[in-house]
Amino acid sequence: MIRFLASRLAFAAAVLLALSAFVFLLFFVAPGDPARLLTGEKATEAQVAQVRANLGLDRPIHEQYLTFLGRTMKGDLGFSYRNQQPVTRLIANRMPATISLGIGAILLWVGIGIPIGIMSARHPGSLRDRLGQGFILVGISFPTFVLGMASLYFLYFLPRQLGFTLFPGGGYKSFLSNPWIWAWHMVLPWTTLALASAAIYARLTRGEMLAVMGEDYIRTARAKGLSERKVVYKHGLRGILTPLTTQLGADIAAVLGGAIVTEQVYGLQGLGSLAVQAVGNQDRPIIIGVVLLAGLFIVVANIVVDLLYVLLDPRVR
Amino acid sequence: MSQSSSPDAAASPAAIVQRGSFELTLRRFAADKAGMLALGFIVLLVAFALGAGLIETWTGHSPVDQFRDTGLTPTGLPVGPGAEFLFGTDQLGRDVLVRLAYGARTSLVIGLVASLCASCIGITIGLIAGYVGGWTDVILGRAMDLVMSIPVLLCTLALVSVFGPSIMLSVAVIVFFSWTTIGRVIRGQVLSLREREFVQASRSLGAGPLSIMVVDILPNLTVPIIVYTTMMIPAGIVFEATLSFLGLGIVPPAPSWGGMLAEAAANSIYLVAWWLILIPGSVLLFTTLAFNILGDALRDALDPASRRRSRHNKSKGRQRKRGKEGRS
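Quick mapping for you: the protein sequence lines, in order, are chains A and B. Counting the first sequence from 1 gives a position; the working numbering is that position plus 222. Counting the second sequence from 1 gives a position; the working numbering is that position plus 22.
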């Protein structure tokens with residue numbers, strides 16, 4: 223068990239190290255001089271050199287990488303080239319929108335996807351199954367940004383043209399100031415982000431459920447006279463928890479790293495849109511910070527999932 | 023979607039016709055209405071893309087020409103679908119139909135090229151990992167884990183911010199992040215195939231590992247290869263469109279579906295010009311839908327057992343479970 227955990231931790235560290243080396247090298251070999259970007263077009267050569275020395279950009283690359291790594295581990299992600307604010311603060315400012323979006327969307331897709339998958343798997347080949355499969359197909363095929371733009375057009379703009387406001391046209395409102403307004407602004411982003419994942423969860427649940435329902439222990443449960451409902455929800459569902467947990471862990475991490483497309487479409491000031499804006503501004507410390515944070519979420523989620531396996535499935539122990 | 027009458031039809035008492043496996047597959051596929059419809063759509067789309075030049079000469083509108091007099095209203099707004107512009111014009115007065123056709127070329131070429139490359143890489147690595155096993159398998163498996171745990175879109179953002187957007191970069195990114203799925207599937211299949219008798223027979227006849235992998239095992243992977251490659255095409259198309267939508271893919275003014283939607287979203291112009299989003303949006307949606315349906319139909323036609331497995335799952339469940347454990 224300890225060996226298992228140690229190997230997982232080592233892998234997590236390897237992922238983070240690889241990711242940090244990747245972004246660092248990427249920006250080191252990149253054309254364009256950050257010192258020049260920072261000082262602006264009008265600065266003299268001496269000023270640029272001064273800034274370069276201040277940033278430590280004149281030192282050898284391995285030295286720069288080690289300093290960068292050391293600072294990052296202490297939680298210092300440097301300063302934005304654009305407005306000199308600490309990257310950690312900029313990221314922290316964007317977290318509420320991303321977290322609001324993520325949590326709501328996850329609840330929604332789990333709440334829609336898993337029941338549809340179970341319904342499909344309980345009656346394979348039936349009309350309900352075909353409806354479920356149709357949902358899966360459409361959900362998987364619908365590009366997120368098309369869905370987002372269509373939702374805005376049909377649910378925000380058309381009603382407004384007809385003289386009433388069904389949903390707002392985007393933007394993030396703080397949860398603390400008014401939870402109702404917050405939720406109202408989040409409904410469209412939640413559904414947009416959730417549809418594709420709901421379809422993926424429905425497909426996963428259906429496939430796993432069909433497999434589990436053929437197991438001997440399910441036959442045993444039926445033979446001892448349990449109601450079909452109990453067989454499905456108590457024994458069947460228990461059997462598919464492991465693959466669902468794996469998927470969910472990865473998805474929570476991915477969403478917290480910034481739902482770039484959804485945030486862009488609805489103008490939510492979250493991590494994803496921070497990264498997109500940073501690309502536009504060539505603001506490298508921010509891009510590095512967001513990528514590393516997303517990587518951190520992913521490895522932490524992986525470790526949590528591995529620990530959950532042990533709780534969920536005694537065979538792993 | 024009826025599947026019942028396919029193989030048995032061959033054994034009708036009147037005249038017994040011998041049919042090969044290929045013909046039976048074709049018949050099963052032809053009986054799948056949704057699959058045929060999807061194939062029809064894809065054929066039309068390919069014709070549309072190939073005929074982009076024809077459409078250009080027919081309408082007399084090049085994809086980058088800005089028709090400021092005829093293509094924009096006096097107030098400077100796009101013109102809706104009509105006789106002059108079948109699908110309307112965009113905010114610069116360009117013909118949406120012509121741009122859609124050229125965009126179809128971009129999307130299809132990128133989707134096809136990226137998924138072919140990705141599946142070549144995935145097949146090679148999956149074959150090696152599954153057949154050689156041992157440390158090679160551990161290392162390749164970890165490499166796949168590593169690629170899968172990278173935040174895709176964010177890293178693409180970083181790459182684009184350094185190298186600038188381009189078609190090559192889009193294809194490279196799609197390939198790099200999508201070979202792992204098929205790689206895992208192939209690896210799992212090879213794990214069970216390599217223990218089979220025909221592989222042992224081949225080995226006892228003196229065949230080397232490369233020959234066994236290519237001559238004996240690879241032909242047995244045709245079904246997953248075809249199905250997964252088909253399914254990767256829509257993913258590639260959507261990924262390219264998403265990149266272009268975020269301004270990270272095809273460089274304007276070259277037409278691409280994602281770029282057209284991005285331009286429609288900029289300044290929320292699509293709110294007054296519905297055709298700017300509904301036309302490219304639905305073409306994109308129907309394209310991904312068609313490829314996904316085609317993938318399903320191909321799987322059902324090539325491997326009828328898979329459908330029966332998922333329908334009448336008694337006793338087959340354990341087999342599937344075992345196959346899945348090989349994956350993780």
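Backbone N, C-alpha and C define an ideal beta-carbon position, used for all residues, glycine too.
For ASP167(B), write down the residues that DSSP places opposite it in a beta bridge.
Position 145 of the second sequence holds residue 167(B). For ASP167(B), which the question treats as bridged, DSSP gives no partner whatsoever.
Test: LEU268(B) CB closer than 8 Å to a CB of chain A
Your numbering for residue 268(B) matches position 246 in the second sequence. Closer than 8 Å: yes.
Do you know offhand how far LYS343(B)'s Cα is from ILE403(A)'s?
By one-based count along the second sequence, residue 343(B) stands at place 321. By one-based count along the first sequence, residue 403(A) stands at place 181. Only weak support is given to the placement of LYS343(B): the predicted model assigns it a pLDDT of 34, under 50, and the value that follows is read from those uncertain coordinates. Spanning the two alpha carbons is a distance of roughly 46 Å.
For a cutoff of 8 Å on Cβ pairs, would you count SER302(A) as touching chain B?
Your numbering for residue 302(A) matches position 80 in the first sequence. No, its Cβ sits nowhere closer than 8 Å to a Cβ of chain B.
Identify, in the order they occur along the chain, each residue of the same chain with its Cβ nearer than 8 Å to the Cβ of VAL245(B), setting aside the five sequence neighbours on each side.
As a working note, residue 245(B) is residue 223 in the second sequence. Result list for VAL245(B): ARG321, LEU324 and ASP325, in chain order.
What do you reckon, are the CB atoms on ALA268(B) and GLN486(A) nearer than 8 Å?
Here residue 268(B) refers to the residue found at position 246 of the second sequence. Here residue 486(A) refers to the residue found at position 264 of the first sequence. The sequence as given places Leu at residue 268(B); Ala does not occur at that position. For LEU268(B) and GLN486(A), yes; Cβs fall inside 8 Å.
Quick check on the burial criterion: 16 or more other C-beta atoms within 10 angstroms. Buried or exposed for ARG453(A)?
Taking the first residue of the first sequence as 1, we reach residue 453(A) at position 231. For the record, residue 453(A) in the displayed sequence is Val; it is not Arg. VAL453(A) sits buried, since 16 or more C-beta atoms from the chains shown fall within 10 Å of its C-beta.
Nearest to LEU432(A) by CA position, among THR310(A), ASP351(A) and PRO365(A), is which residue?
On the first sequence, residue 432(A) is found 210 positions in, with the first residue counted as 1. Looking from the CA of LEU432(A), the closest CA among THR310(A), ASP351(A) and PRO365(A) belongs to ASP351(A).
Residues in its own chain within less than 6 Å of GLY317(B) by CB, not counting five upstream and five downstream?
Counted from its first residue, the second sequence places residue 317(B) at position 295. Within the same chain, GLY317(B) has close Cβ partners VAL249, THR252 and MET253.
If you follow the alpha helix (DSSP H) that ILE325(A) is part of, which residue opens it and which one closes it?
Counting from one through the first sequence, the residue named residue 325(A) turns up at place 103. First-last of the alpha helix (DSSP H) with ILE325(A): 309-344.
Apart from the five residues on each side of it in sequence, which residues of its chain come closer than 8 Å, Cβ to Cβ, to SER449(A)?
Taking the first sequence and counting its residues from 1, one reaches residue 449(A) at position 227. Same-chain partners within the cutoff: there are none.
Going by the DSSP bridge assignment, what does ASP117(B) pair with across the sheet?
As a position in the second sequence, residue 117(B) is number 95, starting the count at 1. DSSP, once it has assigned bridges, lists THR111(B) as partnering ASP117(B).
For the region 281-300 of chain B, list every residue whose C-beta sits within 7 Å of some C-beta in chain A, in sequence order.
LEU283, ALA287, TYR292, LEU293, TRP296 and ILE299
What does the alpha-carbon distance come out to for the pair ILE291(B) and GLN113(B)?
The residue labelled residue 291(B) in the question sits at position 269 within the second sequence. The residue labelled residue 113(B) in the question sits at position 91 within the second sequence. Near 7 Å, if we compare the C-alpha coordinates of GLN113(B) and ILE291(B).
Among GLY511(A), MET371(A) and LEU463(A), which has the Cα closest to the Cα of ASP535(A)?
Residue 535(A) sits at position 313 when you count from the first residue of the first sequence. ASP535(A) has its Cα closest to that of LEU463(A), out of GLY511(A), MET371(A) and LEU463(A).
By the DSSP assignment, the alpha helix (DSSP H) with HIS407(A) in it spans what residues?
Numbered from 1 along the first sequence, position 185 holds the residue referred to as residue 407(A). Where HIS407(A) is concerned, the enclosing alpha helix (DSSP H) stretches over 401-434.
Per-residue DSSP class, three states only, for PHE199(B):
The residue labelled residue 199(B) in the question sits at position 177 within the second sequence. Helix.
Any Cβ of chain B within less than 8 Å of the Cβ of ASN544(A)?
In the structure as shown, chain A starts at 223 and stops at 539, and residue 544(A) therefore has no counterpart that could be examined.
Using a Cβ-Cβ cut-off of 8 Å, state whether THR252(B) counts as contacting chain A.
One-based indexing of the second sequence puts residue 252(B) at position 230. No - not a single Cβ of chain A is within 8 Å of the one on THR252(B).
Quick one: list the residues of chain B neighbouring PRO308(A), beta-carbon separation under 8 Å, in chain order.
Working through the first sequence from its first residue, we reach residue 308(A) at position 86. Going along chain B, no residue has its Cβ under 8 Å from PRO308(A), so there is no contact; the nearest lies around 20 Å.
Any beta carbon of chain A sitting closer than 8 Å to that of SER28(B)?
Within the second sequence, residue 28(B) is the residue found at index 6, counting from 1. Residue placement at SER28(B) cannot be trusted, given a pLDDT of 48 that sits under 50; the coordinates are not used to answer.
Determine, using beta carbons only, whether PRO100(B) comes closer than 8 Å to chain A.
Taking the first residue of the second sequence as 1, we reach residue 100(B) at position 78. No - not a single Cβ of chain A is within 8 Å of the one on PRO100(B).
Please report the distance separating the alpha-carbon of VAL212(B) from that of ASP528(A).
In the second sequence, counting from the first residue as 1, residue 212(B) sits at position 190. In the first sequence, counting from the first residue as 1, residue 528(A) sits at position 306. Between VAL212(B) and ASP528(A), the C-alpha separation is close to 26 Å.
In this structure, how does DSSP classify PHE301(A) when only helix, strand and coil are distinguished?
In the first sequence, counting from the first residue as 1, residue 301(A) sits at position 79. Strand.
By the three-class DSSP mapping on this structure, what secondary structure does PRO256(B) have?
Here residue 256(B) refers to the residue found at position 234 of the second sequence. It is helical.
Report the residue from ALA500(A), VAL270(A) and ALA481(A) whose alpha carbon sits nearest the alpha carbon of GLN307(A).
If you number the first sequence from 1, residue 307(A) lands on position 85. Checking every option, the nearest Cα to that of GLN307(A) belongs to ALA500(A).
CB contact check: SER224(B) to chain A, cutoff 8 Å:
Translated into the one-based positions of the second sequence, residue 224(B) becomes position 202. Answer no: the Cβ-Cβ gap between SER224(B) and chain A never drops below 8 Å.
Min CB distance ALA327(A) to chain B below 8 Å:
Within the first sequence, the letter at position 105 stands for residue 327(A). Answer no: the Cβ-Cβ gap between ALA327(A) and chain B never drops below 8 Å.
Taking the alpha-carbon positions, what's the LEU130(B) to LEU72(B) distance?
The residue labelled residue 130(B) in the question sits at position 108 within the second sequence. The residue labelled residue 72(B) in the question sits at position 50 within the second sequence. Rounded to the nearest whole angstrom, the CA to CA distance from LEU130(B) to LEU72(B) is 10 Å.
For ARG164(B) and LEU175(B), I'd like the C-alpha separation in whole angstroms.
Sequence index remark: in the second sequence, residue 164(B) carries index 142 (1-based). Sequence index remark: in the second sequence, residue 175(B) carries index 153 (1-based). Computed Cα separation, rounded: 21 Å.
Neighbouring residues, chain A, relative to SER188(B) (Cβ below 7 Å)
Residue numbering aside, residue 188(B) sits at position 166 when the second sequence is read from its first letter. Correct list: empty, because the minimum Cβ distance to chain A is about 14 Å.
Between the region 409-419 of chain A and the region 352-365 of chain A, can you find at least three pairs of beta-carbon atoms closer than 8 Å?
yes
Interface partners of VAL197(B) on chain A, CB under 8 Å:
Stepping through the second sequence from its first residue, residue 197(B) is reached at position 175. None at all; the shortest Cβ gap to chain A is about 17 Å.
Residue-level contact to chain A via CB, THR158(B), 8 Å cutoff
Here residue 158(B) refers to the residue found at position 136 when the second sequence is read from its first residue. By this cut-off, THR158(B) is not an interface position.
Could you name the residues of the region 300-328 of chain B whose beta carbon sits closer than 9 Å to any beta carbon of chain A, in the order they occur along the chain?
Against chain A - using a Cβ distance shorter than 9 Å - the residues of the region 300-328 of chain B are LEU300, PRO302, GLY303, SER304, LEU306, LEU307, PHE308, THR309, THR310, LEU311, ALA312, PHE313, ASN314, ILE315 and ASP318.
Would you mind working out which of ASN524(A), VAL273(A), ALA343(A) and LEU410(A) sits nearest THR468(A), comparing C-alpha positions?
Within the first sequence, the letter at position 246 stands for residue 468(A). Out of ASN524(A), VAL273(A), ALA343(A) and LEU410(A), ASN524(A) has the C-alpha closest to the C-alpha of THR468(A).
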